[in-house]
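K.L.:
Take this structure, written in structure tokens, and hold onto it; I'll ask about it next.
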Amino acid sequence: MGEMLENIYNVGEDKMNKTIQALKNELALIRTGRANPAILNAVQVTYYGVPTPLNQIAAITVPEATQIMIKPYDRSILKDVEKAIQLADLNLVPLNDGNVIRINFPPLTEERRRELVKEVKGLAENAKVAVRNIRRDMIEQVKKLEKNGEISEDQMKRENDKIQKLTDKFIDAVDQVAKEKEALIMEI
Numbered sequence: 096m097g098e099m100l101e102n103i104y105n106v107g108e109d110k111m112n113k114t115i116q117a118l119k120n121e122l123a124l125i126r127t128g129r130a131n132p133a134i135l136n137a138v139q140v141t142y143y144g145v146p147t148p149l150n151q152i153a154a155i156t157v158p159e160a161t162q163i164m165i166k167p168y169d170r171s172i173l174k175d176v177e178k179a180i181q182l183a184d185l186n187l188v189p190l191n192d193g194n195v196i197r198i199n200f201p202p203l204t205e206e207r208r209r210e211l212v213k214e215v216k217g218l219a220e221n222a223k224v225a226v227r228n229i230r231r232d233m234i235e236q237v238k239k240l241e242k243n244g245e246i247s248e249d250q251m252k253r254e255n256d257k258i259q260k261l262t263d264k265f266i267d268a269v270d271q272v273a274k275e276k277e278a279l280i281m282e283i
């Protein structure tokens, strides 16, 4: 019986981990005052007819805190890269000098920083809701085992405590991830 409980716990923990990872991926797309190549993660360039992630066909570097430099391994696709960045709708202005593409990041205004922090808080809230939904599903599965007489009421209570501790740990992790992102946004 311990195996079923362990399975419920492990699957739940795995889902919570994925929730944190998804949050980190979403937050990576929110720009801060400094240049972060992760903002280009979603950019796809059609290369030999195949949509290809930009970071697979170009070297992406940060020569200074407010600039990203993109150097395609194949210079003939500079125009395609430039177009892909514009189409990605990231509010970035690619500057093509014939060799590389540079993207400058103007400093964020106070108002924009506040909007971005609000966006971070919203994404964190969604992640917490997801974690709580996972907890609810886990507790329902444990209740079902108890109702079917497969585990005792005491076991159910112990398991629910364990699930609650796990949930608290992940809610704290969400807060931590969000706090770090907010600090990056607010830093000047």
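The number in the working numbering is simply the position in the sequence shown, starting from 1, with 95 added. C-beta atoms are modelled at their ideal positions from N, C-alpha and C, and glycine is treated no differently. Note that the coordinates shown come from a computational prediction; the quantities given were computed from them, not determined experimentally.
#1: Pull up the DSSP beta-bridge partners for Met164, would you.
#2: Apart from the five residues on each side of it in sequence, which residues of its chain come closer than 6 Å, Cβ to Cβ, to Met195?
#3: Measuring only the C-alpha atoms, how far is Phe265 from Asp192?
#4: Does DSSP put Asn191 in a helix, a strand or coil?
#5: With DSSP as the reference, label Pro132 as helix, strand or coil.
#6: Measuring alpha carbon to alpha carbon, tell me which residue in Met281, Glu159, Leu122, Asn120 is nearest Ala130.
#7: With 16 other CB atoms within 10 Å as the buried threshold, where does Lys252 fall?
#8: Kindly give me the distance between the Cβ atoms of Gln119 and Val272, rounded to whole angstroms, as I take these residues to be in contact under 8 Å.
#9: Which partner residues does Pro146 have in the DSSP bridge list?
#10: Where do the N-terminal and C-terminal ends of the alpha helix (DSSP H) with Gly97 fall, by residue?
#11: Going along the chain, which residues of its own chain have a beta-carbon closer than 6 Å to the beta-carbon of Leu133, five neighbours each way excluded?
#12: For Ser171, which three-state DSSP category applies?
#13: Kindly provide the ranges of any alpha helix (DSSP H) runs that are 4 or more residues long and lie completely inside the segment 192–262, ordered along the chain.
#14: Is Glu282 helix, strand or coil by DSSP?
#15: Expressed to the nearest angstrom, what Euclidean distance is found between the alpha-carbon atoms of Lys239 and Asp270?
#16: Pull up the CB-CB distance for Gln285 and Ala179, whole angstroms please, since I reckon it's below 8 Å.
#17: For a test of the three-state rule: what should DSSP assign to Ala179, helix, strand or coil?
P.N.:
Here's the rundown:
#1: Under the DSSP definition of a beta bridge, Met164 partners with Thr156, Arg197.
#2: In the sequence under discussion, the amino acid at residue 195 is Val, which differs from the Met named in the question. Non-local C-beta neighbours of Val195 in its own chain, meaning closer than 6 Å and more than five positions away in sequence, comprise Met164, Lys166, ordered along the chain.
#3: Each residue's alpha carbon lies about 46 Å from the other.
#4: Three-state result, Asn191: strand.
#5: In the structure shown, Pro132 sits in a helix (DSSP, three-state: H, G or I).
#6: Of Met281, Glu159, Leu122, Asn120, the residue nearest in Cα terms is Glu159.
#7: Residue environment for Lys252: exposed (fewer than 16 other C-beta atoms within 10 angstroms of its C-beta).
#8: The question names Gln, but residue 119 in the sequence shown is Lys. With a Cβ gap of about 6 Å, Lys119 and Val272 count as contacting.
#9: Residue pairing by DSSP places Pro146 opposite Thr141 in a beta bridge.
#10: It spans 97–123 - the alpha helix (DSSP H) in which Gly97 sits, taken as one unbroken run.
#11: At residue 133 the sequence reads Ala, which differs from the Leu that was named. Result list for Ala133: Ala123, in chain order.
#12: In the three-state DSSP reduction, Ser171 falls in the helix class (H, G or I).
#13: Secondary structure remark: continuous alpha helix (DSSP H) runs of at least 4 residues inside the segment 192–262, in chain order: 205–242.
#14: In the three-state DSSP reduction, Glu282 falls in the coil class, being neither helix nor strand.
#15: Roughly 31 Å between the two C-alpha positions.
#16: Because the chain is modelled from 96 through 283, residue 285 falls outside the range shown and cannot be assessed.
#17: Correct three-state label for Ala179: helix.
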